[in-house]
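Engineer:
Numbering (the working numbering), first residue to last: 1 to 339.
Structure follows, in structure tokens:
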């Protein structure tokens with residue numbers, strides 16, 4: 001009897017002309033013949049005709065320039081090529097993704113969008129190892145750059161990191177917060193508590209931060225312990241007992257950043273009304289130029305020239321541009337730098 005004919009026969013009769021990204025005709029053709037041919041013939045077709053072509057296409061794929069997501073033309077082959085994809089194709093894809101992530105920054109959401117379709121396709125061990133090697137170090141640096149400031153909190157870095165909660169194992173994310181976030185968070189809390197603060201504000205700050213941590217992380221022992229320690233510190237302070245400072249980092253940049261925040265917290269405790277006028281007056285007393293820069297804004301805040309520096313004020317906190325980075329500073333430090 002004659003073998004069945006399909007609309008995709010014309011494409012499948014000439015495998016060399018088959019295009020990987022137009023996979024439907026070939027898959028339809030094979031699905032039609034699977035019930036009619038022995039398994040060894042199908043395996044031979046897959047290994048000798050399909051897999052080499054897919055491998056070549058993947059090797060030519062560039063994740064930085066290709067506008068068609070690779071999962072859209074590789075995942076359809078999972079029912080037929082699952083075991084071969086895992087051992088032959090997927091390692092090449094992970095290698096290329098790893099190379100593409102070398103210059104990646106967590107502010108760019110494209111990496112997460114590219115990796116999400118591979119959950120459940122890569123084995124859990126392979127995906128976790130990939131994320132730990134290629135994503136976690138970048139998130140660590142992002143949290144290291146994050147400034148904890150109760151009176152002027154910018155959350156961009158925090159949000160970039162938290163976007164990975166759904167992909168990263170909870171214990172890995174908890175370890176990341178333990179090393180790169182909670183030490184400075186507790187330092188700032190300790191400093192604040194030792195300045196005779198408004199305890200309602202401190203409580204709201206604590207509650208606000210706890211509310212920004214996903215439930216999956218709040219259940220992690222490392223995270224639980226830091227919030228427990230913070231609550232204990234707050235209770236000690238309310239009871240009139242001085243709160244000892246946690247150990248300081250030996251890193252000079254971390255120490256400088258901490259001192260900057262300390263000055264901000266101290267200054268904010270004593271801010272009068274009309275802070276901009278106060279800054280202007282202090283500049284005039286020292287002969288330092290203070291004037292607004294035309295059409296220059298940072299986060300909708302007017303940027304001023306202060307001597308040779310660029311400065312803006314947000315919620316009574318001074319931010320100075322230092323080597324392209326905006327850093328919080330005290331009025332005293334600003335005046336010293338501007339001279």
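Think of the CB as a built atom: it goes at the ideal place given N, C-alpha and C, for glycine as much as any other residue. Note that the coordinates shown come from a computational prediction; the quantities given were computed from them, not determined experimentally.
Please list, in chain order, all residues of the same chain as residue 289 whose beta carbon is under 8 Å from its beta carbon, the five residues on each side excluded.
Structural biologist: Here the set comprises 283, 305, 306, 307.
Engineer: Alpha carbon to alpha carbon, how far is residue 60 from residue 222? Give it in angstroms, no decimals.
Structural biologist: Whole-angstrom Cα-Cα distance: 44 Å.
Engineer: I need the straight-line Cα distance from residue 186 to residue 216, nearest angstrom please.
Structural biologist: About 21 Å.
Engineer: Quick check on residue 41: buried or exposed, where buried means 16 or more other Cβ atoms within 10 Å of its Cβ?
Structural biologist: Looking at its Cβ environment, which holds fewer than 16 other Cβ atoms inside 10 Å, residue 41 is exposed.
Engineer: Report the three-state DSSP secondary structure of residue 328 (helix, strand or coil).
Structural biologist: Note: residue 328 maps to strand in three-state DSSP.
Engineer: Please return the same chain residues whose Cβ sits closer than 6 Å to the Cβ of residue 220, not counting the five positions on each side in sequence.
Structural biologist: Correct list, in chain order: 170, 174.
Engineer: Run through DSSP, which three-state label would residue 34 get?
Structural biologist: Helix at residue 34.
Engineer: Run the CB neighbour count on residue 179, radius 10 Å, all protein chains shown included, and call it buried at 16 or more, exposed below.
Structural biologist: Residue 179 comes out exposed.
Engineer: Could you check what DSSP says for residue 310 in three-state terms: helix, strand or coil?
Structural biologist: If DSSP states are grouped into helix, strand and coil, residue 310 belongs with the strands.
Engineer: Beta-carbon within less than 8 Å of residue 112's beta-carbon, same chain only, minus the 5 sequence neighbours each way: which residues are those?
Structural biologist: Excluding sequence neighbours, residue 112 sits near 163, 164, 167.
Engineer: Let's test the definition: count the other Cβ atoms within 10 Å of the Cβ of residue 157 and tell me whether it reaches 16, buried, or not, exposed.
Structural biologist: Under this definition residue 157 is a buried residue.
Engineer: Using alpha carbons as the reference points, say which of 311, 339, 336, 338 lies closest to residue 328.
Structural biologist: If we check each option's Cα against that of residue 328, 311 comes out closest.
Engineer: Between residue 206 and residue 241, what straight-line distance do the alpha-carbon atoms span, to the nearest angstrom?
Structural biologist: Approximately 19 Å between the Cα atoms of the pair.
Engineer: What runs of the alpha helix (DSSP H), each 4 residues or longer, lie entirely inside the segment 102 to 155?
Structural biologist: Counting only runs of 4 or more, we get 110 to 115, 124 to 134, 136 to 144.
Engineer: For residue 92, collect the residues of the same chain with a Cβ closer than 8 Å to its Cβ; drop the 5 residues on either side in sequence, then sort them by chain order.
Structural biologist: If we look at residue 92 and ignore the five residues flanking it on each side, its Cβ neighbours are 55, 58, 59.
Engineer: Whole angstroms are fine: how far does the CA of residue 313 sit from the CA of residue 201?
Structural biologist: Roughly 21 Å between the two C-alpha positions.
Engineer: On the DSSP letters alone, give me the boundaries of the alpha helix (DSSP H) that residue 192 sits inside.
Structural biologist: Its alpha helix (DSSP H) spans residues 182 to 193.
Engineer: Can you grab the Cα-Cα spacing for the pair residue 229 / residue 22, in whole Å?
Structural biologist: So the two alpha carbons sit approximately 58 Å from each other.
Engineer: Tell me which same chain residues have a C-beta within less than 6 Å of the C-beta of residue 130, skipping the five on either side of it?
Structural biologist: Within the same chain, residue 130 has close Cβ partners 94.
Engineer: Give the straight-line distance between the Cα atoms of residue 77 and residue 136, rounded to the nearest whole angstrom.
Structural biologist: Each residue's Cα considered, the two are about 30 Å apart.
Engineer: Tell me the rounded alpha-carbon separation between residue 286 and residue 188.
Structural biologist: Roughly 31 Å between the two C-alpha positions.
Engineer: Would you decide whether residue 330 is buried or exposed? Buried here means 16 or more other CB atoms lie within 10 Å of its CB.
Structural biologist: It counts as buried.
Engineer: Between residue 121 and residue 47, what straight-line distance do the alpha-carbon atoms span, to the nearest angstrom?
Structural biologist: Each residue's alpha carbon lies about 20 Å from the other.
Engineer: Kindly list the residues whose CB is nearer than 8 Å to the CB of residue 218, restricted to its own chain and excluding five residues on each side of it in sequence; keep chain order.
Structural biologist: Cβ neighbours of residue 218 beyond the five flanking positions: 210, 224, 227.
Engineer: Going by DSSP, what residue range makes up the beta strand (DSSP E) through residue 296?
Structural biologist: Its beta strand (DSSP E) spans residues 290 to 298.
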